[in-house]
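Residue numbering for the sequence shown follows my numbering, beginning at 43 and increasing consecutively. We treat Cβ as the ideally placed atom computed from N, Cα and C, and that holds for glycine.
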Amino acid sequence: DPIDCAILDLPHYLNGNELKVDKYISQEKIKESKWTKPILYEYPSSESNEHIKRTLHSQKHLTHEIDRLKGLISSLRVSLKIKLISLEAQYQDKIAKLGDQKLKEQFSNLKQKVDALEDNNKNLKSIIQKTELENSILEPDYIEQLQYEK
């Protein structure tokens with residue numbers, strides 16, 4: 043069992059006071075208590091009949107408190123696992139959405155760059171066509187001029 047436990051002699055005293063532990067079971071009550079329920083209850087040490095009655099119940103109360111704490115720890119482990127799974131799923135969705143959004147932005151940027159390059163390509167093609175047209179017009183004159191100079 044991974045839970046650390048201490049076995050106490052009965053009656054057990056701390057600083058002259060007997061330690062008494064009560065049991066608490068309800069998970070709803072645990073949630074409502076917000077962890078304020080004390081674990082150990084101290085009683086003054088005396089030799090009265092009341093003290094003897096409390097001493098006889100100490101082991102029973104300690105056992106009940108240990109059981110309550112084990113239930114509490116088990117309940118906390120389950121709730122923490124559920125919260126962890128929930129957070130992981132929530133953040134995986136956010137990361138996936140963020141990744142999708144970044145990919146869409148990159149795609150949009152690349153599409154804009156492609157459009158700009160296509161426009162630039164069209165402009166260059168039109169310049170080449172104009173230059174070829176001018177060359178085709180000037181070429182016969184140039185050939186004629188070369189023949190005249192010979």
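Hey, is Glu186 close to the ligand COA, as in C-beta under 6 Å from one of its heavy atoms?
Questions concerning the ligand COA fall outside what the structure shown contains, since it holds no ligand whatsoever.
Alpha carbon of Lys153 to alpha carbon of Lys146, nearest angstrom:
Cα to Cα, the separation comes out at about 10 Å.
Short of 6 Å in beta carbon distance, which residues of its chain neighbour Lys123, apart from the five on each side in sequence? Order them along the chain.
none
Would you list the one or two residues that DSSP bridges to Tyr55?
Glu60
Gly113 versus Gln143 - alpha carbon distance:
45 Å
What does the alpha-carbon distance come out to for the pair Ile185 and Lys172?
20 Å
What's the C-alpha gap between Leu140 and Ser128?
18 Å
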